[in-house]
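Worksheet for the structure shown next.
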Amino acid sequence: MDYVAHDASDFAPPAEVGEMELYHPKTFIGKYIWSQDAKVIAIQYAITAIGIGLVALVLSWLMRLQLAYPNSFSFFVTMHGMIMVIYLLTALFLGGFGNYLIPLMVGARDMVFPYVNMVSYWVYLTAVLLLVASFFVPGGPTGAGWTLYPPQAILAGTPGATWGIILMLVSLAFFIIGFTMGGLNYVVTVLQARTRGMTMMRLPLTVWGIFTATVLALLAFPALLVSAIMMLFDVLLGTSFFMPAIVSMGQQLDYAGGSPVLFQHLFWFFGHPEVYIVALPAFGIVSDLISVHARKNIFGYRMMVWAIVIIGGLSFIVWAHHMYVSGMNPYFGFFFATTTLIIAVPTALKVYNWVLTLWRGNIQLTVPMYFAIGFIFTFINGGLTGLFLGNVTVDVPLSDTMFVVAHFHMVMAIAPILVVFGAIYHWYPKITGRMLNDTLGKFHFWVTFVGSYAIYYPMHYLGFAGVPRRYYAIGGTNFIPDSAQALNASITIAALIVGVVQVVFLYNLVWSYFKGKPAGSNPWGATTLEWQTADTPPKHGNFGKSLPVVYRWAYDYSVPGAKDDFIPQNVPPRDVIPSSSKT
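With the first letter of the sequence shown counted as 1, position 356 gets the number 446 in the working numbering; the numbers rise by one all the way through.
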């Protein structure tokens, strides 16, 4: 029986551009500190992002323990939220996975602008250091909430209303500048540096997710940048972009004519695409994890690509569903509720395609597959609660309750972090040449997965019971049932357990780097180009003397008539061994 493959061709068009000239460092500092190698830069991004993410984890513990005075609690909330959304997840998905995987997956030597790529990391590190510095300035870090709404953010009486908010806004500006340099690199590399035969419709979905998310970020981050600069002017120069005429502590301030709601529009015009700046790379990565570890081609590849692109486009016309309680016109509420429901359609198509990819696949219950399946469950749960909050009449009473905290964390925290873990377990053998410990990995998954549900499932009930968010202590609570206190205590215990078990993950990373089982070049039997490199870990330049040539899409698994259950992208049809041949 002849084998039947999708999109396989013996023809590969000639290269449109010549090979790039690589910079070869001569010293340790040039190779590992001021590195221009995208793989090293990716690891720098990842280490920095995980490091500041651990700070956010500790802040979440302090929130749950409520060990501090109310002023400290407010900056715990603020810094935890901003670090997790911007400095951890965005940096890790785009700066970490984007830098490491894009050149390897598209068949390039490196990013097209290596020097700019290096600078982008150091600007990001500067942003992180500025953020950390706010912990040590007079007044402490800002306690305005992670959305930084004026006028509260810059009024006396709010924690960190001087140096704290200034350093936060300057840090965000640096982050956006650094990302813009990196983001232009990612986009141009995908469009211009693909190897021979690698058409856009042969790209792995991981690349499609990171590419589309980068385009969204390049369009959305400027709104945050200008709002940060305008608020800095309000703080430092006394302008009134966002500050209306206002009395604070009995004193008439000099502000007049500003619009706090304008800041909300600018923030959420960035803020909702930011959800998909994190989600789209997760969608792409989990698609590849499921396909590899189910030994089956992704169901509906073109539909998955167009769903990613459509989600990205629609994400710019749903932002005001975060602002239903700001006093908007009911017709606007109707419009944004409708667009919110519409964007759920391509998102649901992706879920169906993941499930259909798993259907009748040869599922390997590896650690990456555990995390991928855990992501699907969690994303469905978070998406269903999003239907509540997308409806104006339901959102208004729930908007300031713990229900929003539960929904937001299921979609924007637990789901993408499960993908981060799955991706690390999947690509760690390529990065280091060694396997992570399987037993520790499965223990890490189950405690993290079950523990996360123990944290956030009860919060939905607390929200329906009317427990407000953002507060350390509230006044009269006759409307809150006694069960809320028991649930809060159990949530705190679960949060502490889930946080501590991440030490097991970190231990696994370090121990396996030195003593893990050698992985070989392609331990998962994957088809994409990063697993076809001459060396593991890949050396500078990625692919040895000559770049690979691509003859097929990225998902030739269990191809009928082929001897092996996977066919790499760089294997031409004439070299595929049919199943009827004898060794």
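Just so you know, even glycine gets a beta-carbon here, dropped at the ideal spot from N, CA and C.
The DSSP-derived three-state label of T491 is strand.
Taking 3 residues as the shortest admissible run, the segment 189 to 229 contains no complete beta strand (DSSP E) segment at all. It is roughly 10 Å from the alpha-carbon of A644 to the alpha-carbon of F656. For D324, the enclosing alpha helix (DSSP H) stretches over residues L295 to L326.
N207 counts as buried, since at least 16 other C-beta atoms from the protein chains shown sit within 10 angstroms of its C-beta. Assignment of V666 by DSSP, reduced to helix, strand and coil, places it in the coil class.
Not a single unbroken stretch of the beta strand (DSSP E) spanning 3 or more residues falls wholly within the segment 540 to 617. Between A98 and Y546, the gap from beta carbon to beta carbon reaches 8 Å or more.
Put simply, the segment 358 to 367 does not touch the segment 277 to 293. Fewer than three CB pairs are less than 8 Å apart.
Non-local C-beta neighbours of T626 in its own chain, meaning closer than 8 Å and more than five positions away in sequence, comprise P519, K520, G523, A609, G610 and S611, ordered along the chain.
Excluding residues up to 5 positions away in sequence, F203, V206 and L308 lie with their Cβ nearer than 8 Å to the Cβ of L274 in the same chain. Under a 10 Å Cβ-count criterion, L370 is classified as buried, with 16 or more other Cβ atoms of the shown protein chains found around its own Cβ. Only residues of its own chain outside the window of five on either side were considered, and among them P115 have a CB closer than 6 Å to the CB of K121, listed in chain order. In terms of CA proximity to I463, A505 leads the group M500, P240 and A505. DSSP, reduced to helix, strand and coil, places Q282 within a helical segment of the structure shown.
Spanning the alpha carbons of S164 and G229 requires a straight line of approximately 13 Å.
In the DSSP assignment, P104 falls outside any alpha helix (DSSP H) and carries neither an H nor an E. Counting other Cβ atoms within 10 Å of its Cβ, I123 stays below 16 and is therefore classed as exposed.
DSSP, reduced to helix, strand and coil, places R524 within a strand of the structure shown. In this structure, F264 places its C-beta atom within 8 Å of the C-beta atom of V213.
M195 is a Cβ neighbour of L619, given a cutoff of 8 Å. Under the three-state reduction of DSSP output, V640 falls in the coil class, being neither helix nor strand. Between the segment 373 to 390 and the segment 332 to 348 there are fewer than three C-beta pairs closer than 8 Å, too few to call the two in contact.
Under the three-state reduction of DSSP, Y177 is assigned to helix. At a Cβ-Cβ threshold of 8 Å, G141 and G272 do not count as neighbours. Excluding five sequence positions before and after T252, the CB atoms of its chain that fall closer than 8 Å to its own CB belong to P228, G229 and V325, given in chain order. According to the DSSP assignment, H630 belongs to no alpha helix (DSSP H), since it is labelled neither H nor E. Counting along the chain, the unbroken alpha helix (DSSP H) around R154 starts and ends at A128 to L155.
Note on geometry: alpha-carbon atoms of V590 and G541 lie some 11 Å from one another.
In this structure, L262 sits near A318, with a CB-CB distance shorter than 8 Å. Taking 8 Å as the cut-off, the Cβ atoms of W614 and H497 do not count as close. In the DSSP assignment, I336 falls outside any alpha helix (DSSP H), carrying neither H nor E. Burial is judged here by how many other beta carbons sit within 10 angstroms of a residue's own beta carbon; L356 has at least 16 and is buried. Here M394 is not near I401, since their CB atoms are 8 Å or more apart. A Cβ-Cβ contact shorter than 8 Å links G553 with V494. In this structure, the beta-carbon distance from I266 to F311 falls below 8 Å.
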